[in-house]
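Under our numbering, think of the first position of the sequence shown as 468, with each following residue one higher.
Below is one structure, written out as structure tokens; the observations come after it.
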Amino acid sequence: MIEILNAAELARARDTGALVADILQTLKSRSTVGTNLMDIDRWAKDMIVDAGALSCYVDYAPSFGRGPFGHYICTAVNDAVLHGRPYDYTLADGDLLSLDLAVSRGGFAADAAISFIVGGSTPPESVAMISATERALAAGIAAARPGARTGDISHAIGSVLIEAGYSINTEYGGHGIGSTMHQDPHVSNAGRPGRGYTLRPGLLLALEPWIMADTAELVTDADGWTLRSATGCRTAHSEHTIAITGDGAEILTLPKQA
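Here it is, written out as structure tokens:
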């Protein structure tokens with residue numbers, strides 16, 4: 468299913484995007500050395516419920532997971548990169564933490580992810596990985612405009628990641644979003660320009676470049692959800708929900724201070 472939103476629907480999606488951005492930034496500020504991942508999940512639940520919103524994850528049970536997910540946010544630490552199921556782990560100085568949040572309010576969903584380093588440490592490799600995903604995300608957004616194709620976005624994202632020296636896993640990538648969290652079209656993190664679905668105003672996309680330091684191979688945890696690098700290397704993940712407009716793209720999950 469591919470949805471094209473009208474102006475009133477876009478306004479509601481914009482409201483959800485602002486909520487997702489606010490929750491993520493609040494959780495980032497609270498995620499310090501000594502914070503437990505289960506606390507992050509509880510805080511996310513409280514903020515979602517208080518806002519009159521719904522989690523897109525609690526009852527999420529796709530074919531690839533051992534569902535339902537059962538938590539309110541994805542928390543991926545160090546070698547974990549996607550679908551990180553919160554568990555009893557206390558954050559340490561220098562941990563690379565990725566938070567991925569999808570929420571629905573007013574009938575429309577928004578999805579975003581951030582990666583950051585916990586505490587005062589700044590491991591160069593981790594800093595470089597986070598920067599690469601953020602630059603790739605910016606490039607993908609810049610390529611998103613009416614008349615362009617999904618392959619143009621994929622090519623823009625992939626070009627940045629490859630130039631930075633990372634291999635790309637194409638099993639998981641960006642996607643359409645609207646009244647539900649995951650919709651068509653799929654937006655790979657690598658692709659050929661001029662191919663794929665033609666973008667038009669009112670289309671919402673969640674773009675999400677993610678990388679692993681020295682591999683493109685994933686392994687799945689015993690929890691049936693958490694995806695980790697096959698080599699145990701560190702990972703990073705950045706994501707925004709955007710709306711295609713008449714002359715480009717609007718980021719719906721941009722933090723207020725950005």
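Even glycine gets a Cβ: it sits at the ideal position worked out from N, Cα and C.
Nearest candidate by alpha-carbon position, reference residue i, set the options
i	options	result
serine 705	Gly587, Ala543, Asp517, Met648	Ala543
leucine 566	Ile540, Ala559, Tyr524	Ile540
phenylalanine 575	Ala673, Ala703, Asp681	Ala673
aspartate 546	Ile718, Leu721, Ala703, Ile711	Ala703
serine 522	Asp555, Leu486, Arg497, Asn503	Leu486
threonine 687	Ala680, Trp677, Gly699, Pro676	Gly699
leucine 604	Ala689, Asn503, Thr712, Thr708	Thr708
serine 626	Asn636, Ala615, Ala657, Gly561	Ala657
alanine 697	Pro591, Ala474, Leu549	Leu549
leucine 477	Arg701, Arg572, Ala580	Arg572
methionine 505	Ala569, Pro553, Val525	Pro553
isoleucine 490	Met648, Ile584, Val516	Val516
tyrosine 524	Ser655, Arg533, His538	His538
threonine 682	Thr637, Glu675, Ala579	Thr637
alanine 475	Gly669, Arg701, Glu675, Arg695	Gly669
isoleucine 608	Ile624, Gly614, Ser598	Ile624
proline 660	Ala611, Val500, Glu675, Leu563	Ala611
Backbone CA spacing between residue i and residue j [nearest angstrom]
i	j	result
glycine 715	glycine 663	18 Å
tryptophan 510	leucine 494	7 Å
threonine 483	alanine 631	33 Å
alanine 559	glutamate 684	26 Å
proline 535	tryptophan 692	10 Å
phenylalanine 531	histidine 642	16 Å
arginine 667	asparagine 503	42 Å
proline 722	alanine 689	34 Å
methionine 468	threonine 589	42 Å
threonine 720	isoleucine 635	24 Å
isoleucine 620	threonine 600	14 Å
proline 652	alanine 480	18 Å
alanine 518	serine 593	33 Å
alanine 488	alanine 579	7 Å
threonine 647	serine 582	24 Å
Residues that residue i bridges to, as DSSP identifies them
i	result
glycine 643	Gln650, Leu672
serine 565	Ala543, Ser582
isoleucine 709	Leu672, Ile718
alanine 577	Val570
threonine 665	Arg616
threonine 557	Asn503
First and last residue of the uninterrupted beta strand (DSSP E) at residue i
i	result
aspartate 681	Run containing aspartate 681: none; DSSP gives neither H nor E here.
arginine 695	694-696
threonine 702	702-704
Three-way DSSP call (helix, strand, coil) for residue i in this model
i	result
alanine 520	coil
glutamate 461	In the structure as shown, the chain starts at 468 and stops at 725, and residue 461 therefore has no counterpart that could be examined.
leucine 477	helix
arginine 497	helix
threonine 637	coil
leucine 728	Look at the range of the chain in this structure, 468 to 725, and you will see that residue 728 is not part of it.
threonine 483	helix
leucine 491	helix
Where the alpha helix (DSSP H) through residue i begins and ends
i	result
alanine 610	591-610
histidine 622	617-630
Distance cut-off 8 Å: residue i Cβ against heavy atoms of the ligand ZN
i	result
isoleucine 711	This structure simply doesn't include the ligand ZN, nor any ligand for that matter.
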